[in-house]
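In this note's numbering, the protein residues as written are 18 to 106. I have placed the structure first, in the form of structure tokens, so that the comments after it can refer back to it.
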């Protein structure tokens, strides 16, 4: 169990670092599908999941931190796949 917790800890830390970078550098693109406000709402939701992940990570609840950061990454990837944002992991 201890080894599994450590692996989750390391994976979560890696995802949090790459997501923090994306949230700093993300650029919105095509605004014909959604308004800028709608895209920003999704980015803000992703940022909230990122902050949740940091909170749970600090509490050593690595499983919840991992779930939060992967949800955040999913929202960001969806924006990129739809051509609404540009960033690199």
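Glycine included, each C-beta is placed from N, C-alpha and C at the ideal position.
One question on the structure: do residue i and residue j come within less than 8 Å of each other, judged by their Cβ atoms?
{"i": "residue 74", "j": "residue 29", "result": "yes"}
{"i": "residue 98", "j": "residue 43", "result": "no"}
{"i": "residue 62", "j": "residue 106", "result": "no"}
{"i": "residue 86", "j": "residue 70", "result": "yes"}
{"i": "residue 25", "j": "residue 84", "result": "no"}
Look up residue i in the DSSP assignment and say whether it is helix, strand or coil.
{"i": "residue 105", "result": "coil"}
Can you say whether residue i is buried or exposed, counting buried as having 16 or more other CB atoms within 10 angstroms of its CB?
{"i": "residue 53", "result": "exposed"}
{"i": "residue 101", "result": "buried"}
{"i": "residue 27", "result": "exposed"}
{"i": "residue 58", "result": "exposed"}
{"i": "residue 92", "result": "buried"}
{"i": "residue 96", "result": "buried"}
- Pick out the complete alpha helix (DSSP H) segments inside the segment 49 to 95, 4 residues or longer, and give them in chain order. 53 to 75
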